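These notes are about the structure you will find just below.
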């Protein structure tokens, strides 16, 4: 076993660990020497959710994660919206099929109207003031019972 190394990117984030004997760093990869104890501490810190960096003094450090970016929050909100739309697709489709068949519908006309308005509100949410820092509209009361 050789010298442990922490490789880092241009932002100073530690991206990999290497060993000069068992797994040498690729040519040109910026690295700092670390002790076995530092390596273990960094691995434990990363397992606990910390982000690993090389600080301004060239020393490895474990820091709290950065808060999510607006884009990351928006991506999560869009995924939640898409999931809510997908979860109610079958209700809208079934209602339309039942109307075409003509033997009555599971949803009342008022429930179907509420469902369609809910689905439209989900589609419109990304244009709302405060996006993405707003909650999606609540599902109609009947959706969890039927879905």
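Residue numbers (UniProt numbering): 1 to 147. Cβ atoms here follow ideal geometry from the backbone N, Cα and C, with glycine treated the same way. It should be emphasised that the depicted structure is a prediction, and the values quoted were computed from it without experimental measurement.
Original post:
Any idea which residues DSSP pairs residue 17 with across the strands?
Top reply: 6
Original post:
Are residue 148 and residue 95 close, meaning C-beta to C-beta below 8 angstroms?
Top reply: Missing from the structure shown is residue 148; the chain here goes from 1 to 147 and no further.
Original post:
What do you get for residue 54, buried or exposed, if any count of 16 or more other CB atoms within 10 angstroms of its CB means buried?
Top reply: buried
Original post:
With C-beta atoms as the reference, is residue 15 less than 8 angstroms away from residue 22?
Top reply: no
**OP:** State the Cα-Cα distance for the pair residue 98 and residue 77, rounded to the nearest angstrom.
**Re:** 32 angstroms
**OP:** Work out the CA separation of residue 137 and residue 70 for me, nearest whole Å.
**Re:** 20 angstroms
**OP:** Buried or exposed for residue 1, please, with buried defined as at least 16 other CB atoms from any protein chain shown within 10 angstroms of its CB.
**Re:** exposed
**OP:** Might you give, ordered along the chain, the residues of its own chain that have their beta carbon closer than 6 angstroms to the beta carbon of residue 121, omitting 5 neighbours on each side?
**Re:** 137
Original post:
Given 8 angstroms as the limit, is there contact between the stretch 57-69 and the stretch 25-42, that is, 3 or more CB pairs closer than that?
Top reply: yes
Original post:
Based on the DSSP output, what are the partners of residue 34 in its beta bridges?
Top reply: 4
**OP:** Decide if residue 119 is buried, meaning its Cβ has at least 16 other Cβ atoms within 10 Å, or exposed.
**Re:** buried
**OP:** Classify residue 140 as helix, strand or coil using the three-state DSSP reduction.
**Re:** coil
Original post:
What number of angstroms, rounded off, separates the C-alpha of residue 125 from the C-alpha of residue 32?
Top reply: 47 angstroms
**OP:** Have a look at the DSSP bridge pairing and note the partners of residue 23.
**Re:** 19
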